[in-house]
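**Student:**
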Amino acid sequence: MDAFLKTGKLSNQPKESAASSVSEPSQRKRGSLIPWVEKYRPRTINEVSYQEEVVAVLQKSLQGADLPNLLFYGPPGTGKTSTILAAARELFGDIYKERVLELNASDERGIQVIREKVKNFSQRTVSSMRPDGKPCPPFKIVILDEADSMTGAAQAALRRTMEKETKSTRFCLICNYVSRIIEPLTSRCSKFRFKPLPRDILVKRLGEICEFEKMACTGEVLESLIEASEGDLRRAITFLQSIANVTVERGPTIEDIHEITGRVPNHWIEGLLEKCATGSYDTVQSYICNFSAEGFSVSQLLIQLHERVIFSTEFSAKQKNLICEKLAICDHRLAEGADEQLQLLDLSCTIMISYQ
Amino acid sequence: MSLWVDKYRPSTLSKLDYHREQGNFPHLLIYGPPGAGKKTRVMALLRELYGPGVEKLRMEHQNFTTPSNKKIEVMTVASNYHIEVNPNDAGIYDRIVIQEMIKNIAQAQQLDIGGQREFKVVVLTEVDKLTKDAQHALRRTMEKYMTTCRLILCANSTSKIIPPLQSRCLGIRVPAPTQEDVIKVLQMVSKKEGIILPDEFAIRLAEKSERNLRRALLMLEACKVQQYPLNAKQEIVEPDWEVYLRETGQKMVSEQSPKALLEVRGRIYELLSHCIAPEMIIKKLLREILKNCDGQLKAEITSMAAYYEHRLCLGSKVIFHIEAFIAKFMAIYKRFLEESFANMM
Numbered sequence: 039m040d041a042f043l044k045t046g047k048l049s050n051q052p053k054e055s056a057a058s059s060v061s062e063p064s065q066r067k068r069g070s071l072i073p074w075v076e077k078y079r080p081r082t083i084n085e086v087s088y089q090e091e092v093v094a095v096l097q098k099s100l101q102g103a104d105l106p107n108l109l110f111y112g113p114p115g116t117g118k119t120s121t122i123l124a125a126a127r128e129l130f131g132d133i134y135k136e137r138v139l140e141l142n143a144s145d146e147r148g149i150q151v152i153r154e155k156v157k158n159f160s161q162r163t164v165s166s167m168r169p170d171g172k173p174c175p176p177f178k179i180v181i182l183d184e185a186d187s188m189t190g191a192a193q194a195a196l197r198r199t200m201e202k203e204t205k206s207t208r209f210c211l212i213c214n215y216v217s218r219i220i221e222p223l224t225s226r227c228s229k230f231r232f233k234p235l236p237r238d239i240l241v242k243r244l245g246e247i248c249e250f251e252k253m254a255c256t257g258e259v260l261e262s263l264i265e266a267s268e269g270d271l272r273r274a275i276t277f278l279q280s281i282a283n284v285t286v287e288r289g290p291t292i293e294d295i296h297e298i299t300g301r302v303p304n305h306w307i308e309g310l311l312e313k314c315a316t317g318s319y320d321t322v323q324s325y326i327c328n329f330s331a332e333g334f335s336v337s338q339l340l341i342q343l344h345e346r347v348i349f350s351t352e353f354s355a356k357q358k359n360l361i362c363e364k365l366a367i368c369d370h371r372l373a374e375g376a377d378e379q380l381q382l383l384d385l386s387c388t389i390m391i392s393y394q
Numbered sequence: 199m200s201l202w203v204d205k206y207r208p209s210t211l212s213k214l215d216y217h218r219e220q221g222n223f224p225h226l227l228i229y230g231p232p233g234a235g236k237k238t239r240v241m242a243l244l245r246e247l248y249g250p251g252v253e254k255l256r257m258e259h260q261n262f263t264t265p266s267n268k269k270i271e272v273m274t275v276a277s278n279y280h281i282e283v284n285p286n287d288a289g290i291y292d293r294i295v296i297q298e299m300i301k302n303i304a305q306a307q308q309l310d311i312g313g314q315r316e317f318k319v320v321v322l323t324e325v326d327k328l329t330k331d332a333q334h335a336l337r338r339t340m341e342k343y344m345t346t347c348r349l350i351l352c353a354n355s356t357s358k359i360i361p362p363l364q365s366r367c368l369g370i371r372v373p374a375p376t377q378e379d380v381i382k383v384l385q386m387v388s389k390k391e392g393i394i395l396p397d398e399f400a401i402r403l404a405e406k407s408e409r410n411l412r413r414a415l416l417m418l419e420a421c422k423v424q425q426y427p428l429n430a431k432q433e434i435v436e437p438d439w440e441v442y443l444r445e446t447g448q449k450m451v452s453e454q455s456p457k458a459l460l461e462v463r464g465r466i467y468e469l470l471s472h473c474i475a476p477e478m479i480i481k482k483l484l485r486e487i488l489k490n491c492d493g494q495l496k497a498e499i500t501s502m503a504a505y506y507e508h509r510l511c512l513g514s515k516v517i518f519h520i521e522a523f524i525a526k527f528m529a530i531y532k533r534f535l536e537e538s539f540a541n542m543m
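Structure, rendered in structure tokens:
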């Protein structure tokens, strides 16, 4: 049993050293197992792309100014977690592990945990010196990742703790939707919005990674990759790694990207509209049966169908109105777990009617 | 004597249509319609990774305690190298299973790295039925324990899987075999079994199977048991419940009255008590009754079916919603009949 516990603990070390010294041949195999998202996470806050305001504030605190409680919000994959982790690493260096408490949705985070774990952690005072004598800020950081999935009660329990322990602890809340954080908490933090990353920054970052991994990737492929990932850098990098794994010998093509990102090929969408235009229910039904047998996701189809309908010229405004309303209804039902095939049939019937 | 379905399950990856490199593989998300070969692919992949040892399976019962002190038991199928779980067995407590079990597995490292792979594999089935909570709980776990543990997720569709999970996995779409593929496999199996399969009959079987290979093979075997040598015009044996459901559909079309509704309701209860999935009942009923409807009516009834099926997912008592659908259909159909009758006059 002891041996088990030990190996469990040790597992952290090889992982980190592998990330920093990939060049060592014995560890190269391990290094290749690390997801690129972790491998290319920014190590310092200067490496964080695009989010100038946050970087400026954190830079100041690095130079010795005080750090406020933080609330980061923004769409996924814009670097919220990376920023605070990089900042914490720079602030604390080696004693990072003792000074930072990271909690996210995979940990139990009910009101009990806030009351006990977070409170105990934040009540401890820390010195303004590192063990090796270098100065460091006299506080700890509690990172609450994915804070919008915390219950209201748990958030409320944080209120007083946050104020009382300002001497020794800073909180950093990270979420996608600021509206799901209760008002008293948002007013206690300085808010930073993380903007969606613009195209050229995505291209640049992916280009760097390609170069580092010695992967041949044409600009065209990168473009379609970025389009598929909708401004989410993490998704783009994960896709890139998946593609690199699948197409080892040959360079990736645009078809590979469509396959990996789960996009429905355009001919299916055109086909569906065509079949709807014929107005025959039975052809539409058998077409949809075939479509679901292919295993594509219907919600993805809805997204693409929406794009196709909105920007098309062949539909009148009234038709668009009718179709889009039904699209919204079907998407809602799908999100609540309704059957894909029935919803798609329903939608196609609406399109059929709009053609008449 | 095993079923043909199991007997001719491909055992290596090279017999399947995709082949992946060893050593380094990310988390996988395998999705496709039922009967397309998802499980087969997972088992073949595991065999490729660990050798024949993965086939020594054992069943285990694991116990978990929820925060409200309720005890739940989940059955797992495991070998030395992998573990397979269906977290849905725990119902709404699936999040706890995910958190506890995967962390336990992932935190224990393999002792002897030299002899085997340095990671274990956790196979989660029916991921699309997981609650949102459980899916969120998976997010960070997947990243954190990448070195010791790989997840293979199986799902019927990606619609119900949250995007953060999708972006962490390499998605592999497994489309159902086309009709030609089904025919080819049927012929291959009958050749190996030494039976003669008329071409016409194979085509009919493939059509009936709706591109589900498992179904096609089971039907072939059932037909063989029923009558051999096989005849091109032989009747294909269908599951009892489908025949029963078809009769129910015909009843609905032939008479619309409270009495008929009561009768149909009895039949639906019968089906439900035999564990036929309620979505399936609505889908098959819809297909059956639409055969007898006009174009305009078809659209209306389809949208009703979609509406009630959605409510069925949200509600807790399925019979209400199926019954509501049937009553609605009867009302619409009756009105339609009366209108067309009035027009004729």
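Same order as they appear, the protein sequences are chains S and Y.
The numbering of the first sequence is the working numbering, which starts it at 39 and goes up by one.
The numbering of the second sequence is the working numbering, which starts it at 199 and goes up by one.
Idealized CB from N, CA, C, for every residue including glycine.
Per the contact definition of three or more C-beta pairs closer than 8 Å, is the segment 151–158 of chain S in contact with the segment 113–131 of chain S?
**Tutor:** no
**Student:** Whose Cβ in chain S lies nearer than 7 Å to the Cβ of histidine 508 (chain Y)?
**Tutor:** By Cβ distance, chain S contributes Arg371, Glu374 and Ala376.
**Student:** Return the first residue and the last residue of the alpha helix (DSSP H) that tyrosine 319 (chain S) is part of.
**Tutor:** 319–331
**Student:** Go ahead and pull the three-state DSSP assignment for phenylalanine 539 (chain Y).
**Tutor:** If DSSP states are grouped into helix, strand and coil, phenylalanine 539 (chain Y) belongs with the helices.
**Student:** Here's a check: name, in chain order, each residue in its chain whose Cβ is nearer than 8 Å to the Cβ of glutamate 468 (chain Y), leaving out the five neighbours to either side.
**Tutor:** Tyr442
**Student:** Rounded to whole angstroms, what's the CA-CA distance from valine 60 (chain S) to glutamate 341 (chain Y)? Just pull it up for me.
**Tutor:** Per-residue confidence for valine 60 (chain S) stands at a pLDDT of 34, beneath the threshold of 50, marking its modelled position as unreliable; the derived number appears in the next sentence. Their Cα atoms are separated by approximately 19 Å.
**Student:** So, at 8 Å on beta carbons, what are the nonlocal neighbours of isoleucine 133 (chain S) in its own chain, with the 5 sequence-adjacent residues on each side left out?
**Tutor:** Arg168, Pro169 and Cys174
**Student:** Going by DSSP, what residue range makes up the alpha helix (DSSP H) through glutamate 271 (chain Y)?
**Tutor:** For glutamate 271 (chain Y), there is no enclosing alpha helix (DSSP H); the enclosing beta strand (DSSP E) covers residues 269–276.
**Student:** Taking the continuous beta strand (DSSP E) assigned at threonine 207 (chain S), which residues delimit it?
**Tutor:** 207–213
**Student:** Using 8 Å as the cut-off, can you tell me whether the segment 260–274 of chain S makes contact with the segment 229–248 of chain S, which would need three or more C-beta pairs spanning the two stretches below that distance?
**Tutor:** yes
**Student:** Starting from the beta carbon of valine 372 (chain Y), find every residue of chain S whose beta carbon is closer than 9 Å, and list them in chain order.
**Tutor:** Gly333
**Student:** Provide the residue(s) that pair with isoleucine 370 (chain Y) in DSSP beta bridges, ordered along the chain.
**Tutor:** Y:Ile228.
**Student:** Have a look at S:Ile239, S:Ser166, S:Arg198 and S:Asn283 and flag the residue whose alpha-carbon is nearest the alpha-carbon of tryptophan 74 (chain S).
**Tutor:** S:Asn283
**Student:** State the DSSP-derived secondary structure class of proline 427 (chain Y), mapped to helix, strand or coil.
**Tutor:** coil
**Student:** Would you mind reading off the limits of the beta strand (DSSP E) that contains threonine 376 (chain Y)?
**Tutor:** Premise fails: threonine 376 (chain Y) is in no beta strand (DSSP E) and is neither H nor E.
**Student:** Strictly below 7 Å CB to CB, what residues from chain Y border methionine 390 (chain S)?
**Tutor:** Ala497
**Student:** Use the C-beta contact count for asparagine 541 (chain Y): other C-beta atoms within 10 angstroms, 16 or more gives buried, fewer gives exposed.
**Tutor:** exposed
**Student:** Under 7 Å, Cβ to Cβ, is there at least one residue of chain Y near proline 73 (chain S)?
**Tutor:** yes
**Student:** Quick check: is the beta carbon of serine 120 (chain S) nearer than 7 Å to any beta carbon in chain Y?
**Tutor:** no
**Student:** Distance cutoff 7 Å, beta carbons only. Does threonine 316 (chain S) sit that close to anything in chain Y?
**Tutor:** no
**Student:** Can you tell me whether DSSP reads alanine 254 (chain S) as helix, strand or coil?
**Tutor:** Correct three-state label for alanine 254 (chain S): coil.
**Student:** Just to confirm the assignment, what range does the beta strand (DSSP E) spanning asparagine 261 (chain Y) have?
**Tutor:** 256–263
**Student:** Please determine, among S:Ile179, S:Ala315 and S:Ser350, the residue with the shortest C-alpha to C-alpha distance to lysine 205 (chain S).
**Tutor:** Taking only the C-alpha atoms, the option nearest lysine 205 (chain S) is S:Ile179.
**Student:** Can at least three beta-carbon pairs, one atom from the segment 445–462 of chain Y and one from the segment 483–495 of chain Y, be found at a separation below 8 Å?
**Tutor:** yes
**Student:** Using 7 Å as the limit for Cβ to Cβ distance, is glutamate 477 (chain Y) near chain S?
**Tutor:** yes
**Student:** In this structure, does DSSP put valine 283 (chain Y) in helix, strand or coil?
**Tutor:** Valine 283 (chain Y) falls in the strand class under three-state DSSP.
**Student:** Please name the residues in the segment 397–417 of chain Y whose beta-carbon is closer than 9 Å to at least one beta-carbon of chain S, in chain order.
**Tutor:** Glu408, Arg409 and Asn410
**Student:** Grouping DSSP H, G and I as helix and E and B as strand, with all else coil, what is tyrosine 111 (chain S)?
**Tutor:** strand
**Student:** Can we say the segment 351–359 of chain S touches the segment 247–262 of chain Y, given the rule of at least three CB pairs closer than 8 Å?
**Tutor:** Counting C-beta pairs with one atom in each stretch, the segment 351–359 of chain S and the segment 247–262 of chain Y have fewer than three that are closer than 8 Å, which means they do not touch.
**Student:** If you draw a straight line from the alpha carbon of proline 63 (chain S) to that of valine 320 (chain Y), how long is it in whole angstroms?
**Tutor:** With a pLDDT of 37 at proline 63 (chain S), under the threshold of 50, the modelled position of that residue is not reliable, and the figure given next carries that caveat. Each residue's Cα considered, the two are about 29 Å apart.
**Student:** Any heavy atom of the ligand PLP closer than 6 Å to the CB of lysine 489 (chain Y)?
**Tutor:** With respect to small molecules bound, the structure shown includes none, and the ligand PLP cannot be examined in it.
**Student:** Please identify, using Cβ separations under 8 Å, the residues of the segment 511–541 of chain Y that lie next to chain S, in order along the chain.
**Tutor:** Cys511 and Leu512
**Student:** With C-beta atoms as the reference, is glycine 300 (chain S) less than 7 Å away from glycine 369 (chain Y)?
**Tutor:** The beta carbons of glycine 300 (chain S) and glycine 369 (chain Y) sit closer together than 7 Å.
**Student:** If we count the other Cβ atoms within 10 Å of its Cβ and call it buried at 16 or more, is methionine 528 (chain Y) buried or exposed?
**Tutor:** With 16 or more Cβ atoms within 10 Å of its Cβ, methionine 528 (chain Y) is classed as buried.
**Student:** Measuring only between beta-carbons, confirm whether asparagine 142 (chain S) sits less than 7 Å from chain Y.
**Tutor:** yes
**Student:** Grouping DSSP H, G and I as helix and E and B as strand, with all else coil, what is methionine 39 (chain S)?
**Tutor:** Its pLDDT being 41, under 50, methionine 39 (chain S) is placed unreliably in this model, and the value from its coordinates should be taken loosely. DSSP places methionine 39 (chain S) in coil when its eight states are reduced to three.
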